[in-house]
Amino acid sequence: MSLRKPSGFTLIEMMIVVAIMGIMAAIAIPSYQEYVFRGNRTEGIALLNDAAARQERYYAQNNKYAVSVNDLGIQASSKNGLYALNVSTASVNTYTWSRKLKAPNSRMLNAVI
């Protein structure tokens with residue numbers, strides 16, 4: 187009669203592996219979310235740059251800045267719908283644009299020119 191050596195993993199070994207994977211996920215997920223946010227930020231910056239150029243064109247034609255997005259003939263949201271755009275303030279000499287992610291707890295980017 188030959189005795190077979192038991193093979194496989196014990197419960198303790200499996201729990202250690204699960205704990206290590208949990209620690210790795212806790213580190214990796216926030217880094218990945220920040221990476222995705224930075225990638226999407228370029229869309230918002232492009233939206234603000236386009237709005238600023240149109241705002242300057244509007245000023246050149248009307249001698250005042252537009253007070254709404256509709257005056258400029260652009261949509262209030264980005265192409266992928268990630269950002270909402272609005273004119274925060276507008277006066278004779280300056281205007282403030284803001285764009286915000288259309289998600290809860292999102293970050294705001296303002297442009298003052």
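Under the working numbering, think of the first position of the sequence shown as 187, with each following residue one higher.
Heads up, the beta-carbon is just placed ideally off N, CA and C, and yes, glycines get one too.
Keep in mind that this is a model prediction, so the values were computed, not measured.
Would you list the one or two residues that DSSP bridges to residue i?
| i | result |
| --- | --- |
| S263 | A270 |
Alpha carbons only, please: which of the options is nearest the one belonging to residue i?
| i | options | result |
| --- | --- | --- |
| K265 | R240, D257, I231, S193 | I231 |
| G267 | A205, E229, Y218 | E229 |
Buried or exposed: where does residue i fall if 16 or more other Cβ atoms within 10 Å of its Cβ makes it buried?
| i | result |
| --- | --- |
| Q241 | buried |
| Y218 | exposed |
| V252 | The sequence as given places Ala at residue 252; Val does not occur at that position. The residue is buried, with at least 16 neighbouring Cβ atoms inside 10 Å. |
| Y281 | buried |
| L234 | buried |
| A237 | buried |
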